[in-house]
Amino acid sequence: MKTLFSLIESPAHPNFNTLYQQLGVQEERFTAARKLHKALQKQQPDFLVGEFIYGYGNNYAGANVCNLDVTLRALQRFSPDTKVIVFCDKEEMPYISKLTTLFPLHAVLPLPASEQAMQTALAS
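Here you go:
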């Protein structure tokens with residue numbers, strides 16, 4: 354059975370629980386990145402799903418682009434083979450390239466994401 358970690362940081366994160374069950378994917382949901390990082394030390398999921406939230410006002414001198422930076426760095430360390438699927442609001446789509454220059458992403462799904470798009474991402 355494939356495993357998937359969902360990092361849910363906003364209400365815009367789609368709920369594909371039924372789809373995951375139909376595809377035989379076991380989902381583990383996290384509402385705090387800190388708890389997801391701890392879980393990565395014990396289990397390496399096949400997929401990580403999260404929502405891209407661009408850091409418009411951060412003052413990290415380019416070190417952090419969005420909410421997923423620290424999580425993706427932890428993923429590189431503890432589970433480098435995990436495929437990353439990112440949801441992205443259409444208004445923030447121009448900024449996703451800043452993340453893809455730092456980290457490999459398996460798929461970027463524009464919100465609202467369809468079940469078909471997610472199914473395709475999980476199958477490829």
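Residue numbers for the sequence shown follow the numbering used here, so the first one is 354 and each next one is one higher.
We put the beta carbon where it would ideally sit given N, CA and C, even for glycine.
In this text the structure is predicted, and so the values were computed from the model without any measurement.
Pairing Pro-364 with Leu-464, the inter-Cα distance amounts to about 12 Å. Residue pairing for Pro-463: DSSP places it in a beta bridge opposite Cys-441.
DSSP lists Glu-381, Leu-401 as the beta-bridge partner residues of Phe-358. Here Lys-451 carries a helix assignment [DSSP, helix/strand/coil]. Counting along the chain, Ala-386 sits inside the alpha helix (DSSP H) bounded by residues 386-393. Excluding residues up to 5 positions away in sequence, Met-354, Thr-356 lie with their Cβ nearer than 6 Å to the Cβ of Gln-379 in the same chain.
Minimum Cα-Cα distance from Asn-420 among the listed residues Arg-382, Gly-377, Thr-371, Arg-387 corresponds to Arg-387.
Secondary structure at Tyr-407: strand, using DSSP grouped into helix, strand and coil. Bounds of the alpha helix (DSSP H) holding Asn-370 are 370-376.
Excluding residues up to 5 positions away in sequence, Val-439, Cys-441, Ile-449 lie with their Cβ nearer than 6 Å to the Cβ of Val-461 in the same chain. Apart from sequence neighbours up to five positions away, the residues of its chain that approach Leu-425 with a beta-carbon distance below 6 Å are Phe-456, ordered along the chain. Beyond the five residues adjoining it in sequence on each side, Phe-400 comes within less than 8 Å, by CB distance, of Lys-355, Thr-356, Leu-357, Phe-358, Val-378, Thr-435, Lys-436, Val-437, Ile-438, His-459, Leu-475 in the same chain, given in chain order.
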